[in-house]
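Count along the sequence shown from 1, then add 152; that gives the number in our numbering.
All residues carry an ideal CB built from backbone N, CA and C; glycine is no exception.
Please read the structure below before turning to the comments.
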Amino acid sequence: MNKELIPLIKDAYQERNGILGYRQMTIKLNRKHNLTVNHKRIYRLMKILQLQSVCRRKRKKYIQSTPEITAENILNREFTATHFGEKWLTDVTEMKYGLEQKAHLSAILDLADKSIVAFVLDLSNNNELVFKTFDIAHKEYPDATPLFHSDRGFQYTSKAFHKKLVDAGMTQSMSRVSRCIDNGPMEAFWGMMKSEMYYLKKFSSYDELETAVSEYIEYYNNHRYQKRLQLHDTVRVQTLSESYSCIKKVMPTFTQSWHHRAFIFSTVYLTGSTSIFTSTDLFCLIEIKSSSSN
153 MNKELIPLIK DAYQERNGIL GYRQMTIKLN RKHNLTVNHK RIYRLMKILQ
203 LQSVCRRKRK KYIQSTPEIT AENILNREFT ATHFGEKWLT DVTEMKYGLE
253 QKAHLSAILD LADKSIVAFV LDLSNNNELV FKTFDIAHKE YPDATPLFHS
303 DRGFQYTSKA FHKKLVDAGM TQSMSRVSRC IDNGPMEAFW GMMKSEMYYL
353 KKFSSYDELE TAVSEYIEYY NNHRYQKRLQ LHDTVRVQTL SESYSCIKKV
403 MPTFTQSWHH RAFIFSTVYL TGSTSIFTST DLFCLIEIKS SSSN
């Protein structure tokens with residue numbers, strides 16, 4: 153009986169590219185050849201033949217950590233700032249190099265001029281990555297006490313990070329759960345950087361990716377911005393922000409729509425589009441409101 157089963161087992165094993173274990177092998181042979189072989193016999197024979205089923209790759213289990221610290225969404229999508237160091241946004245994004253190897257980029261963005269205040273690229277997405285990014289920014293601007301906004305990633309909800317913010321005199325703000333738009337300008341920067349640099353080539357090594365990231369952020373902070381600010385300088389942006397505040401007082405019924413438009417203004421300004429609305433647009437609405445009142 154065993155001599156008859158051995159070639160059948162070998163053929164079935166090769167036919168299915170080694171995926172059959174002894175249980176599936178037993179079912180297949182009994183059905184195909186009208187046998188009544190016990191699974192224990194098939195197990196012994198496969199063990200003698202050193203035939204093992206291909207192990208199914210175990211999926212990595214991710215255990216969602218319980219936040220130690222959470223904060224309200226104080227920023228509340230108010231993506232404008234009148235001066236540097238008033239509001240900072242932060243986030244971590246994933247990049248790949250080589251054969252699907254992963255790297256993680258952490259950055260802090262200032263909402264006044266949309267500049268990258270600090271950034272760190274590392275192989276691990278851990279507390280050290282975020283803490284190091286914060287330490288660089290705080291060391292560079294020790295007197296800055298911005299509203300510090302992030303998502304609810306495990307690094308930002310740790311007690312250790314919260315203590316760093318408190319010690320630096322900063323106020324913590326967090327996006328709501330599953331509301332990436334609450335951190336809109338930061339997400340917009342990731343999209344811009346990836347479309348203008350990351351997606352344009354394949355990076356064969358970590359060093360190559362690190363160099364490209366550093367060069368792009370240097371370009372973004374010191375060249376891309378300078379070109380745009382010739383048309384839309386910081387003073388003009390601050391003037392528009394002040395105009396927006398005035399209009400909210402003059403036109404209270406437009407508050408909600410203007411809040412939405414202020415967000416569009418912030419996003420469009422970040423992307424460098426020439427379709428940014430001007431102060432003329434703002435004061436036209438004042439005239440409309442005035443004429444409608446008369």
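Are the beta-carbon atoms of residue i and residue j separated by less than 8 angstroms?
i	j	result
Met338	Tyr368	no
Leu257	Val365	yes
Asp243	Asn335	yes
Thr285	Gly321	no
Phe231	Leu261	no
Lys203	Ser325	Checking the sequence shown, residue 203 turns out to be Leu, not Lys. Taking 8 angstroms as the Cβ cut-off, Leu203 and Ser325 do not qualify as a contacting pair.
Do you know how far the Cα of residue j is from the Cα of residue i?
i	j	result
Ser327	Thr363	31 angstroms
Lys349	Gly343	It is Met, not Lys, that sits at residue 349 in the sequence shown. Approximately 10 angstroms between the Cα atoms of the pair.
Gly170	Leu251	27 angstroms
Leu299	Lys239	5 angstroms
Tyr450	His301	Nothing about residue 450 can be read from this structure; the chain reaches only from 153 to 446.
Lys311	Thr218	12 angstroms
Thr245	Asn374	22 angstroms
Leu273	Val282	10 angstroms
Tyr371	Thr323	30 angstroms
Glu156	Phe355	55 angstroms
Glu167	Asn278	45 angstroms
Arg229	Asp319	25 angstroms
Val420	Tyr351	Only weak support exists for where Val420 lies, its pLDDT of 40 falling under 50; the coordinates are left without a value.
Phe306	Ile288	20 angstroms
Pro294	Gly237	10 angstroms
Arg193	Ile158	11 angstroms
Counting only the same chain and skipping the five closest in sequence on each side, list residues whose C-beta sits under 8 angstroms from that of residue i.
i	result
Glu292	Val269 and Ala270
Glu360	Tyr249
Cys332	Asp303 and Glu339
Lys162	Leu201 and Leu203
Return the residue from the list the options that minimises the CA-CA distance to residue i.
i	options	result
Met247	Gly237, Ser276, Ala223 and Glu238	Ser276
Lys315	Arg376, Thr222 and Tyr372	Thr222
His191	Arg183, Gln204 and Met177	Met177
His185	Gln202, Leu160 and Lys199	Leu160
Asn225	Asp303, Ser356 and Tyr358	Asp303
Leu201	Tyr165, Tyr371 and Asn278	Tyr165
Lys254	Tyr372, Ser357, Glu370 and Tyr371	Ser357
Would you mind sorting residue i into buried or exposed? The rule is 16 or more other CB atoms within 10 Å of its CB.
i	result
Met153	exposed
His290	buried
Ser347	exposed
Tyr174	buried
Leu197	buried
When you compare the CB of residue i with every CB in chain D, is at least one pair closer than 8 angstroms?
i	result
Asn335	Given the protein chain composition of this structure (a single chain), no chain D is represented.
Leaving out the 5 sequence neighbours to the left and right, which residues in its chain are closer than 7 angstroms to residue i when beta-carbon positions are compared?
i	result
Leu172	Ala164, Tyr165, Lys180 and Ser205
Leaving out five residues on either side along the sequence, give the residues of the same chain with a beta carbon under 6 angstroms from the beta carbon of residue i.
i	result
Leu317	Phe300 and Gln324
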